[in-house]
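Numbering (the working numbering), first residue to last: 4 to 142.
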């Protein structure tokens, strides 16, 4: 068995860290996607433009990656549409209950040594590991 370094993943992770740091240093804002999107939908007068640019960059980055680097975008799903809707709603409820999403807690919160974010990320990872184990080994 050979091991190769996932350079694309490493570079992507570094870009996430650098971009979150730049946003915090320049704007004083946290790069948590759920908070950015919630603020965009609430249309806060002084916060709207940077949030819109951030979300446009997320969408545009995905489009560029697909176009120029051959990244795959799923076009069909093995799960039913109602199941995907319920799953999305559960993610939204979990994000609200956890006061943030995995990007906010895992990247930004842990980067600021927030105890709440460290605990939240540990809970996310434990729940994910249990879900994968349950799905792959018990069903």
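Yeah, the Cβ is synthetic: ideal placement off N, Cα and C, and Gly gets one too.
- With respect to residue 58, residue 87 sits apart: the two C-beta atoms are not nearer than 8 Å.
- Per the Cβ contact rule, the stretch 49 to 58 is not in contact with the stretch 118 to 126 (fewer than 3 Cβ pairs under 8 Å).
- At the C-beta level, residue 23 and residue 114 come within 8 Å of one another.
- For a cut-off of 8 Å, the C-beta gap from residue 12 to residue 103 is around 23 Å, too long to register as a contact.
- Along the length of the stretch 87 to 140, whole alpha helix (DSSP H) runs at least 4 residues long occupy 118 to 136, reported in chain order.
- Counting C-beta atoms within 10 angstroms of its own C-beta, residue 34 has 16 or more neighbours from the protein chains shown and is therefore classed as buried.
- Judged by DSSP secondary structure, residue 39 falls within the alpha helix (DSSP H) whose first and last residues are 36 to 45.
- The three-state secondary structure of residue 56, taken from DSSP, is helix.
- If you draw a straight line from the Cα of residue 29 to the Cα of residue 140, it comes to about 46 Å.
- In terms of Cα proximity to residue 56, the closest of 26, 137, 128, 90 is 26.
- Taking C-beta atoms under 8 Å as the contact rule, residue 98 and residue 109 fail to qualify, at a distance of about 12 Å.
- Taken through DSSP and simplified to helix, strand or coil, residue 78 comes out as coil.
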